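Report on one structure; see the data block that follows.
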Amino acid sequence: MASNFMPTSSKQDSKQSLSFPTTSSTSIQNPNAHSIPAKSSKRPKKSHPPLGAQLSLVLPKASFLGFAIDFFRRMIDVGVRPDDHIYPSATKACAVLSRIDIGRSIHCFVLKTGFDGDVFVGSSVVDMYAKCGDIGDARKVFDIMPKRNVVSWGGMIHGYTQLGEADEALRMFKQVLWEDLDVNGCIFSSAIRVCGNSTLLELGKQIHGLCLKMSYDSSCFVGSALISLYSKCGVIEGAYKVFNEISVKNLGMWNAMLIACAQHAHTNKAFDLFKRMECVGMKPNFITFLCVLYACSHAGLVEEGKYYFELMKKYGMEPGDQHYASMVDLLGRAGKLQDAVSIIDKMPIRRQNLYGELY
Numbered sequence: 001m002a003s004n005f006m007p008t009s010s011k012q013d014s015k016q017s018l019s020f021p022t023t024s025s026t027s028i029q030n031p032n033a034h035s036i037p038a039k040s041s042k043r044p045k046k047s048h049p050p051l052g053a054q055l056s057l058v059l060p061k062a063s064f065l066g067f068a069i070d071f072f073r074r075m076i077d078v079g080v081r082p083d084d085h086i087y088p089s090a091t092k093a094c095a096v097l098s099r100i101d102i103g104r105s106i107h108c109f110v111l112k113t114g115f116d117g118d119v120f121v122g123s124s125v126v127d128m129y130a131k132c133g134d135i136g137d138a139r140k141v142f143d144i145m146p147k148r149n150v151v152s153w154g155g156m157i158h159g160y161t162q163l164g165e166a167d168e169a170l171r172m173f174k175q176v177l178w179e180d181l182d183v184n185g186c187i188f189s190s191a192i193r194v195c196g197n198s199t200l201l202e203l204g205k206q207i208h209g210l211c212l213k214m215s216y217d218s219s220c221f222v223g224s225a226l227i228s229l230y231s232k233c234g235v236i237e238g239a240y241k242v243f244n245e246i247s248v249k250n251l252g253m254w255n256a257m258l259i260a261c262a263q264h265a266h267t268n269k270a271f272d273l274f275k276r277m278e279c280v281g282m283k284p285n286f287i288t289f290l291c292v293l294y295a296c297s298h299a300g301l302v303e304e305g306k307y308y309f310e311l312m313k314k315y316g317m318e319p320g321d322q323h324y325a326s327m328v329d330l331l332g333r334a335g336k337l338q339d340a341v342s343i344i345d346k347m348p349i350r351r352q353n354l355y356g357e358l359y
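Letter 292 of the sequence shown, counting from 1, is numbered 292 in full-length UniProt numbering, and no numbers are missing.
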């Protein structure tokens, strides 16, 4: 990162700029090469490596990332200088919490402590801006980095993917393939999701082929993206094939397959998948139940919908707005208006909007 890009708050002094709130909670072709500006910068001496390394393990794994950010602030207050281990951990916490305000303050401190030329720190800042939805500032930092790594490339591709800017996401993906980098599963999954969202099946198949060639076919992140790709492109058999070929599945893969079943009206297969999840000890989450309720609603299966709705509580989950909306939709479609009103009345908050679903 070069000094010609400064977040607005960096005009203040370093102590003021780090004012954290206390928290308690379509084929693949060689693109035109971009020139990467060179920059030499002298930076202050790092903090003690053992402390930096230890804190980099603590910050992203804290039970409540808000406490991790507050811990970072306290570390600054007592005079411990962050290093190339600590900064990425802090920006990662900001990205997960979508606290771009705090992320900007950390970016200011990165610039003021001379770490703007560090590839790991710079890449973490790019990733933070991109995941917080500010692709503009992410791109500014990315473009002036003296050196980029797989994290900075991945952050940009993920950011463009989330914003639905398919052309730019794919352009960067094509370019990164020609860079001397080990493309990881996250980058592949982002590119595949772009193809799915834009129904670019043939390009998606090409990228799938690259994943097979580079042994990323067993990645759960890639698997989930491929399931979504084939489902959105109308090739549900391809989604089943990907799902069955990956032996170790995470919850994201199970949910992706459930969504595909629901979208293609494969209701019984969705129910079978849910039972298989329970048999292998995979605990469902809010998305899982939303998928099966969606399947019930579109198949008009009232009793099954009631069963899964009540099952949420047995798993220690309180239904959210979307779960209530699915039940209201299911009961409304079945003509059970009194039951639908009863469901709405049981909602803890925001009942008004759901009454419109009945008319």
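Each residue gets a CB set at the ideal place from its N, CA and C atoms; glycine is no exception. The structure displayed is predicted, hence computed values, not measured ones.
Checklist entry - For Arg171, does the three-state DSSP call read helix, strand or coil? => result helix
Checklist entry - Any chance the region 176-189 sits against the region 134-147, with 3 or more Cβ pairs inside 8 Å? => result no
Checklist entry - Which of helix, strand or coil does DSSP assign to Ser228? => result helix
Item to check | Assigned exposure category for Asn244 - 16 Cβ within 10 Å defines buried | outcome: exposed
Item to check | Close Cβ partners of Asp118 (< 6 Å) along its chain, the five nearest in sequence each way excluded | outcome: Asp84
Next on the checklist: Closest to Tyr129 by C-alpha separation, out of Tyr160, Phe115, Asn149, would be which residue?
Outcome noted: Of the listed residues, the one whose Cα sits closest to Tyr129 is Tyr160.
Checklist entry - According to DSSP, is Lys140 helix, strand or coil? => result Helix at Lys140.
Next on the checklist: Comparing C-alpha positions only, which one of Asn184, Ser228, Cys220, Cys186 sits nearest to Lys205?
Outcome noted: Ser228
Next on the checklist: Distance check for Leu163 and Ile157, CA to CA, integer angstroms please.
Outcome noted: 10 Å
Next on the checklist: On the criterion of 16 or more Cβ atoms from any shown chain inside 10 Å, does Leu212 qualify as buried, or is it exposed?
Outcome noted: exposed
Item to check | Own chain residues within Cβ distance below 6 Å of His264, not counting five before or after | outcome: Ile236
Item to check | As assigned by DSSP and simplified to three states, the class of Leu181 | outcome: coil
Checklist entry - By the 10 Å Cβ neighbour count, where 16 or more other Cβ atoms means buried, how is Cys296 classified, buried or exposed? => result So Cys296 ends up on the buried side.
Next on the checklist: With H, G and I counted as helix, E and B as strand and the rest as coil, what does DSSP make of Gly320?
Outcome noted: Per DSSP, reduced to three states, the secondary structure at Gly320 is coil, with no helix or strand assignment.
Next on the checklist: Can you tell me whether Phe120 is helix, strand or coil according to DSSP?
Outcome noted: helix
Item to check | Residues near Asn184 in its chain [Cβ-Cβ closer than 6 Å; skip 5 each side] | outcome: Val150
Next on the checklist: Excluding the 5 residues flanking Ala270 on each side, which residues of the same chain have their C-beta closer than 8 Å to its C-beta?
Outcome noted: Leu258, Cys261, Ala262, Cys291, Val292, Ala295
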